[in-house]
Structures are given as C-alpha cells and as structure tokens.
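Chains as they are written, first to last, in the working numbering: chain A, 1 to 123; chain B, 124 to 246. C-beta: ideal position from N, C-alpha, C; glycine also.
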DNA sequence: TGCGGTACTTACCTTTTCGTAAGGAGGGTC
DNA sequence: GACCCTCCTTACGAAAAGGTAAGTACCGCA
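Listed below in structure tokens is the structure:
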C-alpha cells in the first residue's frame, strides 16, 4: 500500500497530489465515480475491466481515508454499499483534467489508434 | 520499473498521464528541471534529498525515453552531462500545475506545518 | 599515492504492490 | 438443498519497485 511509503513531509504539492492517485486503479476509480456520480461495488467492478475485488476494496478504503470518496452502507437484506466522490474528490478530478488532456495528446503522438481517444475526453 | 506494467492500451488520458509520472522521484525531477532549466547529474542529486544514484539514472533514462527530458553529454575530461526538459516535459509540468495546487491545499487541510508550503507554490 | 569529484553500472536484497484463490454471512432462486 | 447474489476479508505468492553498496574509468589536488 501507499500507506507506508510516502505520506511524508511532502516536498511540494505535486508530491502530495501524486501520492493520493498512485495506485493501479485510482485514476480510473476517480473517473468512474465522477462520470456516474454514485456507484455500487459491483458496478465499479464491472466498469474497471481486470480489477480484482481485493484491489478494488483496498483502493476504495485508501481513497476513503484520504477523503476522496464517501462510502454509504445501507443495512439491507442484500447488502448495498454506494460509493461517491466527496468535494475533495471532485476538485481533485478537476485538477487532473489538464493531465488527462496531456495524456490524450501523448497517446495521439504515439499513434496508438487502438485506444478509443474519443472516450478519453474525460473532464 | 513502470516499463512492463502499464504502457498499455490506456483507458483514458489520465491513465497515460499518470503512467509517465509514476515513480518515486519523477515529480520532483520534473520540478527541479523546470525550476532550473538545466541541471547536471550531481546537481539533481543534491536537489533531491535521499535519492540514490541508481534511481536517479533509472528515472532520468525512463523520462528520456518518454520524451520528457533531454540528455546532453559533453565529451570532456571530467565527464559533463546536462539534463533539461523537452517541450513535452514543459507542457506536462504545466498540466501538473492544478494537481500541485490541489496538493498544497491538501497539505494545508491536514495541518502539516512542517512542510515548507511557500516553497511548494510551484508552477 | 591516496583521496575526492565526474557520471554512471552492476549485483544483491528488501519492501511494496498486485494477483489468485478461497471463505463467509445472509438471503433469494431453481 | 445446491447454487447464485451481495460485499467484502484473508492467506499465499509472484512481480515490480526501490535501497545499499560496490565497482568503473579518468582526472585534479595535495
């Protein structure tokens, strides 16, 4: 986990910003949650092809601790848990907008037409 | 290394953007290089407290392959190597600006006064 | 002649991260 | 009554990332 490594006295803001999104699926989780507003565990799982249940819960827990996502549990008969972005999560997502645009440019530069760039016009 | 893991068909631009800056020191290297325009190996090393020579060369090589930094070797008697950002490196750094600002806010929220936030007003 | 400085490379080891597979509690379906 | 669904948790291991330390080669300085 990112728990022990950094979280440290950060040297600059980029340091602190990168720290909370470092993790194989965190960027995608942020994207999914921003696009759909509210998602259940199984919905997120289906939206992130290839993610394991372990990694998903692990990342969601970390992002919850970091104040990025909110977790609401409904004490119902089939358990229902809904995830959504907090205010900080939404602002983080906005802050990632330019990076996303840069990434799309980079994909274009590399000439990877295999990637659906139109879908990637996130934020 | 990030070499084998992703670099893959990216799902969105954020994915691609995060991929090139994932690495313990890449954000800082970008910052140092942007702040000083040109830096030699030993200068970078001194500017990044705690980095090992291995990690520094490794990260610089990766960032060179990614087209972010330029490496100029002067065939002099004491070897001299100068690193600087390419155009793509500079635009990436600008794209990281909002994330850096978000990170500074986050540090403030956590009340970590141990970090020199004034220094962190990067980009 | 031994030390420090230039910029690395290499080998080895530890830590961190990620994946696989299984279990589990409680209910609905066939 | 066996199997599916919900949302996880746990154990085990492999892979990746990172750290430590040494070696390389050449030079200047004392």
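- At a beta-carbon threshold of 8 angstroms, the residues of chain A lying near residue 150 of chain B are 12, 14, 15 and 18, ordered along the chain.
- By the criterion of a C-beta distance shorter than 6 angstroms, residue 81 of chain A is surrounded in its chain by 41 and 73, once the five residues flanking it on both sides are discounted.
- DSSP places residue 213 of chain B outside any beta strand (DSSP E); the residue lies instead in the alpha helix (DSSP H), whose first and last residues are 210-218.
- Rounded to whole angstroms, the Cβ separation of residue 208 of chain B and residue 191 of chain B is 7 angstroms, and the two are in contact under 8 angstroms.
- Annotation: Cβ neighbours of residue 223 of chain B in chain A (cutoff 7 angstroms, chain order): 12, 13, 14 and 17.
- Among the residues facing chain B, residue 85 of chain A is not included, as its CB has no counterpart in that chain under 7 angstroms away.
- Classified as buried, residue 103 of chain A has 16 or more neighbouring CB atoms from the shown chains inside 10 Å of its CB.
- Counting along the chain, residue 45 of chain A sits inside the alpha helix (DSSP H) bounded by residues 41-47.
- Minimum Cα-Cα distance from residue 92 of chain A among the listed residues A:62, A:58, A:43 and A:20 corresponds to A:20.
- Here the stretch 55-62 of chain A makes no contact with the stretch 9-19 of chain A; the two share fewer than three CB pairs at distances below 8 angstroms.
- Contact between residue 176 of chain B and residue 167 of chain B does not hold, since the beta-carbon distance rounds to 10 angstroms and is not under 8 angstroms.
- Within the DSSP secondary-structure output, residue 84 of chain A pairs in a beta bridge with A:38 and A:70.
- The shortest CA-to-CA distance from residue 51 of chain A to any of A:39, A:29 and A:108 is the one to A:29.
- In this structure, DSSP gives residue 102 of chain A a helical state, which the three-state scheme calls helix.
- Under the Cβ distance rule, residue 46 of chain A does not count among the residues neighbouring chain B, no pair being separated by less than 7 angstroms.
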